[in-house]
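Residue numbers (the UniProt record's numbering): 1 to 346.
As structure tokens, this is what we get:
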């Protein structure tokens, strides 16, 4: 941690904040205090990525003036944290939702440390954007199996289990790229789905074959993209909703939990509604939607292939028609590779 290393350097009498500054990916601001005036002397590139403010905008400015120059909640919180430091407590922190550049909201975690040097007093401010972690934390842990964050390069971090931990080596899993965790037959479909979320800036749910080492699972996830303040893509946060070992028919093992929503196009961007899961068997409309997902068939394509009207297919898929006529049910089920009874019962 940045402040811990500085403390060690200080003990050895060789602390050089400017030199250490370049070696950290954490978002850091350096503030110098002279009498009652706090002046920003340096920020690193990571601080710009998180806050949206550049060195040209901040360096040389008094902290007290920033609220009028660049109105946002960040400056008031930093100033308050600096003021709360005492001789007995050199480091303080806060965690809260606040606004940064152009009043864009983030869930921030700040650490402020006072450093007493011969040339005067300085503060280091470390700023973390925890927005994606907070989104995961708000989910009902009773209804999700695990969560993870995937960076823009595809690497997984922050893997957490909320029930029994699968018998996989966590260190091996952390080294896998997301491409290595997708069954080959589903890779293009899942990649296209994730890119569509990234473009739309919305969350979405998908079911696919997950490959973990030599094991394969029929898996349903809720994923949401997150971005830096400047709009550049940052990461995906993923909630694993169900994960069933695949043995034979992927349909027979896929129905275990009811979907987050009866319509996968209408999933909320917040995970607060996840607690509505049920272990009871899913209704026919959900079974049909899942089969369509597994076979990568849209409503329009299914209507064209079965010669059933688009309106009828939509009404069956959305549950407005609970059980279609025998011929309609037979045509739909045959096209999806199952019997009508597997969807609508006897």
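Glycine residues also receive a C-beta, built at the ideal position from the N, C-alpha and C atoms. Note that the coordinates shown come from a computational prediction; the quantities given were computed from them, not determined experimentally.
By the Cβ-count criterion, residue 38 is buried, with 16 or more other Cβ atoms from all chains shown falling within 10 Å of its own Cβ. In this structure, residue 209 lies near residue 186, with their beta-carbon atoms less than 7 Å apart. The C-beta distance from residue 123 to residue 31 rounds to 4 Å, short enough to meet the 8 Å contact threshold.
In the three-state reduction of the DSSP assignment, residue 330 falls in the helix class, which pools H, G and I.
The beta carbon of residue 132 sits closer than 7 Å to those of 149, 226, 235, 237, all from its chain and outside the five residues before and after it, given in chain order. For residue 72, no alpha helix (DSSP H) run applies, since DSSP gives it neither H nor E. Fewer than three Cβ pairs drawn from the stretch 86–94 and the stretch 127–146 lie within less than 8 Å of each other, which leaves the two stretches out of contact.
Beta-bridge pairing by DSSP links residue 209 to 218. Partner residues in a beta bridge of residue 202, as assigned by DSSP, do not exist. Rounded to the nearest angstrom, the gap between the Cα atoms of residue 114 and residue 63 is 15 Å. Around residue 103, the same chain offers 71, 72 as residues with beta carbons nearer than 8 Å, after the five sequence neighbours per side are excluded. Between residue 59 and residue 42 a beta carbon distance of about 6 Å is seen, short of the 8 Å cut, so the two are scored as contacting. Here residue 309 is exposed: its Cβ has fewer than 16 other Cβ atoms, across all protein chains shown, within 10 Å. DSSP, read as helix, strand or coil, puts residue 120 in strand.
A distance below 6 Å between beta-carbons, with the five flanking residues on each side excluded, links residue 228 to the following residues of its chain, in chain order: 49, 234.
Using a 10 angstroms sphere on the CB of residue 231, the tally of other CB atoms stays under 16, which defines it as exposed.
Listed in chain order, the non-local C-beta contacts of residue 183 below 8 Å within the same chain comprise 208, 209, 210, 211, 216, local neighbours out to five positions each way being set aside. Secondary structure of residue 105 (DSSP, three-state): strand. Per DSSP, reduced to three states, the secondary structure at residue 186 is helical. If you draw a straight line from the Cα of residue 78 to the Cα of residue 316, it comes to about 56 Å. Here the alpha carbon of residue 75 sits roughly 57 Å from the alpha carbon of residue 343. Non-local C-beta neighbours of residue 162 in its own chain, meaning closer than 7 Å and more than five positions away in sequence, comprise 141, 144, 145, 146, ordered along the chain. The C-alpha of residue 300 lies about 13 Å from the C-alpha of residue 293.
Taking a 10 Å sphere around the C-beta of residue 97, we find fewer than 16 other C-beta atoms and assign the residue as exposed.
A distance below 8 Å between beta-carbons, with the five flanking residues on each side excluded, links residue 67 to the following residues of its chain, in chain order: 75, 76. With a cutoff of 7 Å on beta-carbon distance, residue 335 and residue 289 are scored as not near each other.
For residue 284, the closest alpha carbon among the candidates 206, 204, 320, 296 is that of 320.
When DSSP states are grouped into helix, strand and coil, residue 302 belongs to the helix group.
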